[in-house]
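Just so we're aligned: 709 in our numbering is position 47 of the sequence shown, and the numbers increase by one with no gaps anywhere.
For glycine and all other residues, C-beta sits at the position ideal for the given N, C-alpha and C.
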Amino acid sequence: MNIQKYCRLILIAVLTVHLLINSANPAAAMHIAEGFLPVQWAAFWWIISLPFFIFGLRSLTRITQEHPELKLLLALAGAYTFVLSALKIPSVTGSCSHPTGTGLGAILFGPLTMTVLGTLVLLFQALLLAHGGLTTLGANMFSMAIIGPLVAYCIYHLLLKTGQQRVAIFCAAALANLFTYITTSIQLALAFPALDGGFMASFIKFAGIFALTQIPLAISEGLLTLLVWNWLESYGKKELETIKLLQG
663 MNIQKYCRLI
673 LIAVLTVHLL
683 INSANPAAAM
693 HIAEGFLPVQ
703 WAAFWWIISL
713 PFFIFGLRSL
723 TRITQEHPEL
733 KLLLALAGAY
743 TFVLSALKIP
753 SVTGSCSHPT
763 GTGLGAILFG
773 PLTMTVLGTL
783 VLLFQALLLA
793 HGGLTTLGAN
803 MFSMAIIGPL
813 VAYCIYHLLL
823 KTGQQRVAIF
833 CAAALANLFT
843 YITTSIQLAL
853 AFPALDGGFM
863 ASFIKFAGIF
873 ALTQIPLAIS
883 EGLLTLLVWN
893 WLESYGKKEL
903 ETIKLLQG
């Protein structure tokens, strides 16, 4: 049992180092940089994202009131998102590539709760680390804190029907990462359609550049999330049983 514990910790450390090594010098932004979007698009994404955040607050409040013992697990999900999303690889698209870390929280608490945690991470990094921005927070919120967790939640529960929980966790975390960047590519393509080819040409350009770094990052994030889940199964059984996620 101790050998298994240490092996898991070593694997988590190795994958974390891998992500760090592949994160070049920090870019000046996390997702879409401050002031990069035209005003009308920045306002549009704010309007679209705010209702999800409001419903997420209600979900988070309900969880903390009904199960106060889960507050530490909530903090873990938020910290996991913060640490992974702070590892940035610069791109030439006015954005940057990095793990998102939203899949774990979405699996544990659902997409609405993860919307709040993800938004708080984005806000903290925008204010204190100059990653992203306030004007583009709505757009970044929509891609990383709304679409990513929603994809993770749906993929997890869809694949869970096969009885392969670990496969479901890996795919949920990896695809949440990829769909976050597909959404970001759509946002940038809508704001800056190509003169020749319009939206689709612009989307292919943005998505193609992101894919160079994001596909290996998504695979790494899926593996790391799976290792963290294994750790939770060993040391957080009570919490997982509370949210009915522990399978025999």
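Contacts around residue i, its chain only, beta-carbon distance under 7 Å, and the 5 residues preceding and following it disregarded
i	result
residue 653	Given a span of 663 to 910 for the chain in the structure shown, any question on residue 653 remains unanswerable.
residue 831	769, 818, 887, 888 and 891
residue 711	800, 803, 804 and 808
Close-in-space but distant-in-sequence residues of the same chain around residue i (CB under 8 Å, 5 per side omitted)
i	result
residue 719	778
residue 740	767, 779, 782 and 783
residue 725	732, 736, 771 and 775
residue 898	735
Candidates the options: closest to residue i by CA position
i	options	result
residue 833	821, 843 and 842	821
residue 851	835, 839, 872 and 837	872
residue 742	732, 762 and 724	762
residue 913	905, 772, 823 and 790	Because the chain in this structure spans residues 663 to 910, residue 913 falls outside the shown range and cannot be described.
residue 814	698, 893, 884 and 866	884
residue 848	727, 865 and 792	865
residue 792	749, 893 and 696	696
residue 837	894, 825 and 816	816
beta-carbon residue i near the ligand ZN non-hydrogen atom, thresh 6 Å
i	result
residue 816	Ligands in the displayed structure: none, and consequently the ligand ZN is not present.
Test item: CB-CB of residue i and residue j under 7 Å
i	j	result
residue 842	residue 810	yes
residue 839	residue 880	yes
residue 853	residue 863	no
residue 759	residue 875	yes
residue 797	residue 704	yes
Cβ-Cβ separation, residue j to residue i (assumed contact under 8 Å), whole Å
i	j	result
residue 721	residue 774	4 Å
Same chain, Cβ closer than 6 Å to residue i, five either side skipped, listed in chain order
i	result
residue 903	none
residue 735	901
residue 690	Legend: pLDDT at residue 690 = 34, less than 50; position of this residue unreliable, value from coordinates given subsequently. Correct list: empty, nothing qualifies.
Residue ranges of each alpha helix (DSSP H) within the stretch 709–795, 4 or longer: For the stretch 709–795, whole alpha helix (DSSP H) runs of length 4 or above, ordered along the chain, are 733–747, 764–771 and 773–790.
To test your reading of the DSSP string, which unbroken beta strand (DSSP E) runs of 3 or more residues are found completely within the stretch 838–902? Listed in chain order, nothing qualifies, since the stretch 838–902 has no complete beta strand (DSSP E) run of 3 or more residues.
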